[in-house]
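Below is one structure, written out as structure tokens; the observations come after it.
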Amino acid sequence: MKNLITIVFLLLSFSINFAFTSDQDKGAGILWRVSGNGLKSDSYILGTIHTVPISFLDSLKGFSEVWAQVTQ
Numbered sequence: 001m002k003n004l005i006t007i008v009f010l011l012l013s014f015s016i017n018f019a020f021t022s023d024q025d026k027g028a029g030i031l032w033r034v035s036g037n038g039l040k041s042d043s044y045i046l047g048t049i050h051t052v053p054i055s056f057l058d059s060l061k062g063f064s065e066v067w068a069q070v071t072q
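Here the working numbering is used: the first residue of the sequence shown is 1, the next is one more, and so on.
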């Protein structure tokens with residue numbers, strides 16, 4: 001049973017690490033800017049990561065600046 005728990009823990013750790021690494025390699029993220037096509041101002045789409053606390057937003061590059069510009 002102890003070996004099974006260890007294996008499951010390692011698999012979860014590797015899969016979470018792979019998910020974060022693959023997003024960074026592609027330049028993808030959870031904060032997207034939508035602009036152009038007749039929009040008067042930029043809009044933003046914030047994706048979600050359900051495995052981390054809300055304090056994670058503080059670590060996103062540029063999030064504080066974008067959040068300060070939100071008018072709605």
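Note that CB positions come from ideal geometry on N, CA and C, so glycine has one too.
Alpha carbon of residue i to alpha carbon of residue j, nearest angstrom
i, j, result
"L10", "I30", "25 Å"
"V8", "W67", "37 Å"
"G36", "H50", "30 Å"
"L60", "V34", "18 Å"
"Q69", "L39", "16 Å"
"S43", "K2", "49 Å"
Collapsed DSSP secondary structure at residue i in the structure displayed
i, result
"S43", "strand"
"L11", "helix"
"G66", "The question names Gly, but residue 66 is Val in the sequence shown. In this structure, V66 counts as helix in the three-state DSSP scheme."
Under 7 Å between C-beta atoms of residue i and residue j
i, j, result
"I16", "W32", "no"
Spatial neighbours of residue i in its chain, beta-carbon cut-off 7 Å, leaving aside the 5 residues before and after
i, result
"F63", "L31, L57"
Same chain only: Cβ atoms within 6 Å of residue i, ignoring 5 sequence neighbours per side
i, result
"G47", "I30"
Residue range of the unbroken beta strand (DSSP E) whose run includes residue i
i, result
"L31", "31-34"
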